[in-house]
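Protein chains: 2
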Amino acid sequence: MTIAKTGNISPLDPAAAEPFYRQIYDRFRGAINSGLLKPGDRILSARALTKELGLARGTIDTAYSLLAAEGYIQARGQAGTIVTPGLRAPVASTAPSFQSSVPAVSFRPDSILPFQMGLPALDEFPRKIWARLGARCVRAMQPSDMTHPSVYGLPALRAEIAAYLQVSRGINCSPSQIFVTSGYRHTMELIGHALLKAGDRVLVEDPGYPPTRELLEHMQIAAVPVAIDGEGMVVAEGLKAAPRARAAVVTPAHQSPLCVSLSLPRRQALLEWAARNKAWIIEDDYDGEYRYVSRPLPALKSLDREGRVLYAGTFSKVLFPSIRLAYLVVPEAQVERFEEVSQVFAAGSPELTQAIVTAFIKEGHFARHIQRMRKLYAERREATTAGLESVLGNYLRIDPQPGGMHLILRLQDKRSDRRLVARMREEGLYGEALTNWTTGGGGASALLLNFTNVDSRRTAELLGKRILQLL
Amino acid sequence: MTIAKTGNISPLDPAAAEPFYRQIYDRFRGAINSGLLKPGDRILSARALTKELGLARGTIDTAYSLLAAEGYIQARGQAGTIVTPGLRAPVASTAPSFQSSVPAVSFRPDSILPFQMGLPALDEFPRKIWARLGARCVRAMQPSDMTHPSVYGLPALRAEIAAYLQVSRGINCSPSQIFVTSGYRHTMELIGHALLKAGDRVLVEDPGYPPTRELLEHMQIAAVPVAIDGEGMVVAEGLKAAPRARAAVVTPAHQSPLCVSLSLPRRQALLEWAARNKAWIIEDDYDGEYRYVSRPLPALKSLDREGRVLYAGTFSKVLFPSIRLAYLVVPEAQVERFEEVSQVFAAGSPELTQAIVTAFIKEGHFARHIQRMRKLYAERREATTAGLESVLGNYLRIDPQPGGMHLILRLQDKRSDRRLVARMREEGLYGEALTNWTTGGGGASALLLNFTNVDSRRTAELLGKRILQLL
Chain P
3 MTIAKTGNIS
13 PLDPAAAEPF
23 YRQIYDRFRG
33 AINSGLLKPG
43 DRILSARALT
53 KELGLARGTI
63 DTAYSLLAAE
73 GYIQARGQAG
83 TIVTPGLRAP
93 VASTAPSFQS
103 SVPAVSFRPD
113 SILPFQMGLP
123 ALDEFPRKIW
133 ARLGARCVRA
143 MQPSDMTHPS
153 VYGLPALRAE
163 IAAYLQVSRG
173 INCSPSQIFV
183 TSGYRHTMEL
193 IGHALLKAGD
203 RVLVEDPGYP
213 PTRELLEHMQ
223 IAAVPVAIDG
233 EGMVVAEGLK
243 AAPRARAAVV
253 TPAHQSPLCV
263 SLSLPRRQAL
273 LEWAARNKAW
283 IIEDDYDGEY
293 RYVSRPLPAL
303 KSLDREGRVL
313 YAGTFSKVLF
323 PSIRLAYLVV
333 PEAQVERFEE
343 VSQVFAAGSP
353 ELTQAIVTAF
363 IKEGHFARHI
373 QRMRKLYAER
383 REATTAGLES
393 VLGNYLRIDP
403 QPGGMHLILR
413 LQDKRSDRRL
423 VARMREEGLY
433 GEALTNWTTG
443 GGGASALLLN
453 FTNVDSRRTA
463 ELLGKRILQL
473 L
Chain X
3 MTIAKTGNIS
13 PLDPAAAEPF
23 YRQIYDRFRG
33 AINSGLLKPG
43 DRILSARALT
53 KELGLARGTI
63 DTAYSLLAAE
73 GYIQARGQAG
83 TIVTPGLRAP
93 VASTAPSFQS
103 SVPAVSFRPD
113 SILPFQMGLP
123 ALDEFPRKIW
133 ARLGARCVRA
143 MQPSDMTHPS
153 VYGLPALRAE
163 IAAYLQVSRG
173 INCSPSQIFV
183 TSGYRHTMEL
193 IGHALLKAGD
203 RVLVEDPGYP
213 PTRELLEHMQ
223 IAAVPVAIDG
233 EGMVVAEGLK
243 AAPRARAAVV
253 TPAHQSPLCV
263 SLSLPRRQAL
273 LEWAARNKAW
283 IIEDDYDGEY
293 RYVSRPLPAL
303 KSLDREGRVL
313 YAGTFSKVLF
323 PSIRLAYLVV
333 PEAQVERFEE
343 VSQVFAAGSP
353 ELTQAIVTAF
363 IKEGHFARHI
373 QRMRKLYAER
383 REATTAGLES
393 VLGNYLRIDP
403 QPGGMHLILR
413 LQDKRSDRRL
423 VARMREEGLY
433 GEALTNWTTG
443 GGGASALLLN
453 FTNVDSRRTA
463 ELLGKRILQL
473 L
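These protein sequence lines map, in sequence, to chains P and X.
Going left to right, the first sequence walks through residues 3 to 473 as my numbering numbers them.
Going left to right, the second sequence walks through residues 3 to 473 as my numbering numbers them.
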């Protein structure tokens, strides 16, 4: 036995091709995989092992870091370092998963929590098709695909996005107006660099998606909260509060998080204001595809005759979040400005990811997937609503809403949504508190629960019962 | 024949499942692939076709955009729209390449120009191994790999980078100090958000990598140019010019573009200054691995006892640029600040790319690849130098240098490097002019030519003869 819990490690081989840290790593891994070291076993501290082996402390730290990152060991402060409790036995050595290239050890519990916000139905994603396209694209890689990619995005992908937006969201734009980004934050940053400056004021929805306010604040831009009613942002109120605002960030399809749609008069009022003041409207269309009561509404951008709307779309919700691919549509007159800013700041997205998505769209999988998900989400939404209402109906009221990926559960009796959410997290349930999405933390108390990964009414009832015990 | 050069297109099918733009696209593609339309043939303008078909202009534009993005057609201004000249006949329908998911048409000429800067030897990249790992990773994707990835980077990748930096660059750091980014620009932007503010002054190398100055200027940070001599940045001069500078950006391994190494006394002077003034040193180690006369120098970061150095590394040069993966090592005391900023601004990199790189490193391909490239580049550098000198020796002098990926050819007789570079680009040769890397465009005249893709002395001679004709 080369590794003991309390010492007696045999000397390393200075002549080996493998560096010391790797030899140490290999020994621990071997000992754990072979069962010599068992979950919960305490191992030598890095300090002690350093002394034992007479090596640099950094060498040991590196080996331990690798082991920890891959889930083999855990540092427990005063209690020392132990082999990760509950570590599963090696299953197979040929199927590495993303989180670790050590296939033998699964260390991450299923990381999707019930009701987790912002996730599409990951169990229903066509992974086989995706893997086929991915394997094909990675095999087809030629030297000319390995040079610096366009910082605006892969031309073929930009063209596919333009075509998709026309058919699906009523947006008429050319591929040159489309800038591929790595996500909403990157999109917002690009807009900030191109069109806004420190000290500007920008209207935001209240309640609204918290990262929008955070991003603006970090760019030294003042976010002016504007209330939401049944028609979406109360535009007149916002214009009164900040008539010289430089921009407004809105979620017209399904307001985030209240899911109401911005009414046509409000859309027109915003467009008129923007045209009159040369201000910008940033349309965050994060899940416009998911409307269940009627056809998806055309985007606000489709009404933009004066070139004032910047449209932010994303593949996070219609494909999956770890793809890190989103896009921005800019008015024709702003293309040059955004090209200039992209040349300075944009790094470009990996060509492989862009190639896979291009093939996925072009071959029709994308349109089919969205259609399937729209149907599935309508069912899961109904099942989740019914299941939760049957158990929790006396304590909360579920908002009716035309689309989106989450439910809004209004708490009765002035219960604190934050307290409930904190308790839910302790129990392995995910929920968000509406008051955390509201300026100053005030306003109505409600739970935001994603329903896209709840597979049946039965599951919803079971989850509802777990919530009931926490009320 | 459904598409004529001058009209007579048959009506589209409104009952078809395919939207109109796709029907138009399909017809043109079919006509081109079948040879009905030939390279150089003129096709109807979008305006004329709109009228002909009685459809919305946007529908035709979308179809034409797709065709243009995929290289089938080209708009030629007044001359109208034509089928791309030189379009090759369909070769195979099962090997799509990245730039297009239409496998039948190759529209992009080999996009690597001789001497193109910043590119590794793409012909020698182990593409088969890469494709195998890529296919394996994409097949192994589980729902838990599809959620939002860590904005700091995949834990297993951060651990591998930390281990690699210790062995290869002498840097002792924990995985938590490593932040995965999408490239140098993204890295610099993160540093800007975390540690700098508008109005700050930052020392930069002169001549130096132009994007560094551009980025700083766009962040409203004043770049203070500091001269380079045989020992790298003349630190004393910089400190005299801007004693209260908040940071210095340096390329210590091989100064970009002059390839000299920053001497130890200069490194110490920088470190002392930074410690005394609580300033930051940003070490851009873009190609530190590629040194041919001796072992690679340890990074400046390896001498950083006071936690003042931010180390920027990248996979663009040691793997390939279109991977869009780089990283930043921050001092331990700054980890929290960078985590905070990453939470706001970082979008995260695609999990797939990170998983492939992790496997590539862990299985030893990375270390082997760098070793092979170091040997290959030493050979190619020698061959390129010999080949160019034999032809151009009377007109220019090649700087001796210990490492890097490009040669510096000093032009004699006050010839303009810019004029020469412009002529070279017209002739399909890539070169950069040293004066474009110098503040105010002054300084010595020299060509910067990448040698990593020049495969032999014979090739270098041929390329040299083409340059000779342009002198």
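Cβ coordinates follow ideal geometry from the N, Cα and C atoms, glycine included.
The model shown is predicted, which means the values in this text are computed figures rather than measured ones.
Under the three-state DSSP convention, the category V182 (chain P) falls into: In the first sequence, residue 182 (chain P) corresponds to position 180, counting from 1. Three-state result, V182 (chain P): strand.
Length of the line joining the Cα atoms of F30 (chain X) and S67 (chain X): Within the second sequence, numbered from 1, the residue matching residue 30 (chain X) stands at position 28. Within the second sequence, numbered from 1, the residue matching residue 67 (chain X) stands at position 65. One C-alpha to the other measures close to 12 Å.
Neighbourhood of A357 (chain P) by C-beta distance below 6 Å, restricted to the same chain and skipping five residues each side: Walking along the first sequence from the start, residue 357 (chain P) turns up at place 355. Counting only Cβ-Cβ distances below 6 Å, and skipping sequence neighbours, we find C139.
Member of X:A65, X:R203 and X:A301 whose CA lies at the smallest distance from the CA of A281 (chain X): Position 279 of the second sequence, counted from the start, is the residue given in the question as residue 281 (chain X). Checked all of X:A65, X:R203 and X:A301; the closest Cα to A281 (chain X) is X:R203.
Rounded C-alpha distance that separates Y288 (chain P) from L264 (chain X): Here the question's residue 288 (chain P) lines up with position 286 in the first sequence. Here the question's residue 264 (chain X) lines up with position 262 in the second sequence. So the two alpha carbons sit approximately 48 Å from each other.
Short-range partners of chain X found in the segment 158-180 of chain P, where Cβ spacing is below 8 Å: A158, R160, A161, E162, A164, A165, Q168, V169, N174, S176 and P177
Where P177 (chain P) sits in the DSSP three-state scheme: Translated into positions along the first sequence, residue 177 (chain P) becomes position 175. Residue state, collapsed to three classes: helix.
Residue interval of the alpha helix (DSSP H) (run including H371 (chain P)): For the purposes of this step, residue 371 (chain P) is taken as the residue at position 369 of the first sequence. Residues H367 to L394.
The segment 141-157 of chain X in contact with the segment 37-46 of chain P per 3-pair CB rule at 8 Å: no
Own chain residues within Cβ distance below 7 Å of S36 (chain X), not counting five before or after: Counting from one through the second sequence, the residue named residue 36 (chain X) turns up at place 34. Here the set comprises nothing.
Per-residue contacts from P151 (chain P) into chain X (C-beta, under 8 Å): Position 149 of the first sequence, counting from 1, holds the residue named residue 151 (chain P). Correct list: P323, S324 and R326.
Alpha-carbon spacing of A65 (chain P) relative to G82 (chain P), whole angstroms: The count along the first sequence starts at 1 and reaches residue 65 (chain P) at position 63. The count along the first sequence starts at 1 and reaches residue 82 (chain P) at position 80. Distance between the alpha carbons of A65 (chain P) and G82 (chain P) is about 16 Å.
is_contact[Y23 (chain X), chain P] using C-beta, thresh 8 Å: As a working mapping, residue 23 (chain X) is identified with position 21 in the second sequence. Judged by the 8 Å Cβ criterion, Y23 (chain X) is in contact with chain P.
7 Å Cβ shell around D419 (chain X) - same chain, five flanking residues per side excluded: Taking the first residue of the second sequence as 1, we reach residue 419 (chain X) at position 417. For D419 (chain X), where only same-chain residues beyond five positions count, the Cβ hits under 7 Å are L413, A435, L436, T437, S447, A448 and L449.
Nearest to Y23 (chain X) (by Cα), restricted to the options X:R246, X:A462 and X:D63: Looking up residue 23 (chain X) in the second sequence gives position 21. Cα-wise, what sits closest to Y23 (chain X) is X:D63.
Assigned secondary structure, H195 (chain X) (DSSP; H/G/I helix, E/B strand, else coil): In the second sequence, the residue the question calls residue 195 (chain X) occupies position 193. DSSP places H195 (chain X) in helix when its eight states are reduced to three.
S296 (chain P) classed as buried or exposed, judged by whether at least 16 other C-beta atoms fall within 10 angstroms: Residue numbering aside, residue 296 (chain P) sits at position 294 when the first sequence is read from its first letter. Its Cβ having fewer than 16 others within 10 Å, S296 (chain P) is exposed.
Which listed residue (P:T189, P:G290, P:L464 and P:G172) has its alpha carbon closest to that of V343 (chain P): Here residue 343 (chain P) refers to the residue found at position 341 of the first sequence. Per the Cα distances, P:T189.
Close beta carbons around A388 (chain X), own chain, < 8 Å, minus the five adjacent residues each side: Within the second sequence, numbered from 1, the residue matching residue 388 (chain X) stands at position 386. Excluding sequence neighbours, A388 (chain X) sits near R459 and A462.
Within-8 Å CB hit, H188 (chain P) to chain X: Position 186 of the first sequence, counting from 1, holds the residue named residue 188 (chain P). For H188 (chain P), the answer is yes, since a Cβ of chain X falls inside 8 Å of its Cβ.
Neighbourhood of L167 (chain P) by C-beta distance below 6 Å, restricted to the same chain and skipping five residues each side: Along the first sequence, read from residue 1 onward, the residue named residue 167 (chain P) stands at position 165. Correct list, in chain order: I173.
N- and C-terminal bounds of the beta strand (DSSP E) containing R412 (chain X): Taking the second sequence and counting its residues from 1, the one referred to as residue 412 (chain X) is at position 410. Where R412 (chain X) is concerned, the enclosing beta strand (DSSP E) stretches over H408 to L413.
C-beta atoms of V237 (chain X) and L272 (chain X) nearer than 8 Å: On the second sequence, residue 237 (chain X) is found 235 positions in, with the first residue counted as 1. On the second sequence, residue 272 (chain X) is found 270 positions in, with the first residue counted as 1. Against a cut-off of 8 Å, the Cβ pair of L272 (chain X) and V237 (chain X) comes out as a contact.
Start and end residues, alpha helix (DSSP H) containing N35 (chain X): In the second sequence, residue 35 (chain X) corresponds to position 33, counting from 1. Residues F22 to S36.
Boundaries (first-last residue) of the beta strand (DSSP E) holding A314 (chain X): Here residue 314 (chain X) refers to the residue found at position 312 of the second sequence. Unbroken beta strand (DSSP E) run through A314 (chain X): V311 to T316.
Test item: CB-CB of R425 (chain X) and L464 (chain X) under 8 Å: Reading the second sequence from its first residue, position 423 is the one you call residue 425 (chain X). Reading the second sequence from its first residue, position 462 is the one you call residue 464 (chain X). The answer is no: Cβ separation not under 8 Å.
Rounded C-alpha distance that separates V456 (chain P) from P151 (chain P): Looking up residue 456 (chain P) in the first sequence gives position 454. Looking up residue 151 (chain P) in the first sequence gives position 149. Near 39 Å, if we compare the C-alpha coordinates of P151 (chain P) and V456 (chain P).
At least three beta-carbon pairs within less than 8 Å, the segment 154-163 of chain P to the segment 48-56 of chain X: no
Cutoff 8 Å: I114 (chain P) Cβ touching any chain X Cβ: Locating residue 114 (chain P) in the first sequence gives position 112, counting from the first residue. Interface residue, yes.
Under 7 Å from the C-beta of E191 (chain P): neighbouring residues of chain X: By 1-based counting over the first sequence, the position of residue 191 (chain P) is 189. Ordered by position in chain X, the residues that pass the 7 Å Cβ test against E191 (chain P) are F347.
Own chain residues within Cβ distance below 6 Å of M375 (chain X), not counting five before or after: If you number the second sequence from 1, residue 375 (chain X) lands on position 373. Contacts found: none.
Separation of F181 (chain X) from G487 (chain X), as counted between CA atoms: Nothing about residue 487 (chain X) can be read from this structure; chain X reaches only from 3 to 473.
Beta-carbon spacing of Y292 (chain P), G406 (chain P) below 8 Å: Taking the first sequence and counting its residues from 1, one reaches residue 292 (chain P) at position 290. Taking the first sequence and counting its residues from 1, one reaches residue 406 (chain P) at position 404. Cβ distance < 8 Å, so Y292 (chain P) and G406 (chain P) count as in contact.
V153 (chain X) versus G350 (chain X) - alpha carbon distance: Locating residue 153 (chain X) in the second sequence gives position 151, counting from the first residue. Locating residue 350 (chain X) in the second sequence gives position 348, counting from the first residue. Rounded to the nearest angstrom, the two C-alpha atoms are 4 Å apart.
Interface partners of A224 (chain P) on chain X, CB under 8 Å: Numbered from 1 along the first sequence, position 222 holds the residue referred to as residue 224 (chain P). Within chain X, no residue comes near A224 (chain P); the closest Cβ sits about 16 Å away, beyond 8 Å.
Cα-Cα separation, D28 (chain P) to G56 (chain P): Within the first sequence, residue 28 (chain P) is the residue found at index 26, counting from 1. Within the first sequence, residue 56 (chain P) is the residue found at index 54, counting from 1. One C-alpha to the other measures close to 18 Å.
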